[in-house]
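Notes follow once the structure below has been shown.
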Amino acid sequence: MELILKSNNEESLAKIIALAKKLNVIIEKKDIDFNNSVKVNLKNRILNFKATTSSSFGDAAEWQQHQRSDRELPFS
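Quick note: the sequence shown uses the working numbering, first residue 8, plus one each step.
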């Protein structure tokens, strides 16, 4: 079994490590900047987003043409 504990409180982690040693539990420590890894994970999720369904808003250009059909635009 693998258990992952994350904390910024060094004192609490020291207590957990001491208890694990008393119980003969193997400890593997990995120093990870959790704030940075969360940001990187979120950035990757945003950049790799793929919509599973089509937009419920329809075609924006078509909507705009319909809404502004009674107005003459300066660049048309």
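C-beta: ideal position from N, C-alpha, C; glycine also.
Isoleucine 34 places its beta carbon less than 8 Å from that of isoleucine 24. In the three-state reduction of the DSSP assignment, arginine 78 falls in the coil class, being assigned neither a helical nor a strand state.
Here DSSP, grouped into helix, strand and coil, assigns asparagine 16 to coil. For the pair lysine 13 and leucine 26, the Cα-to-Cα distance works out to about 16 Å.
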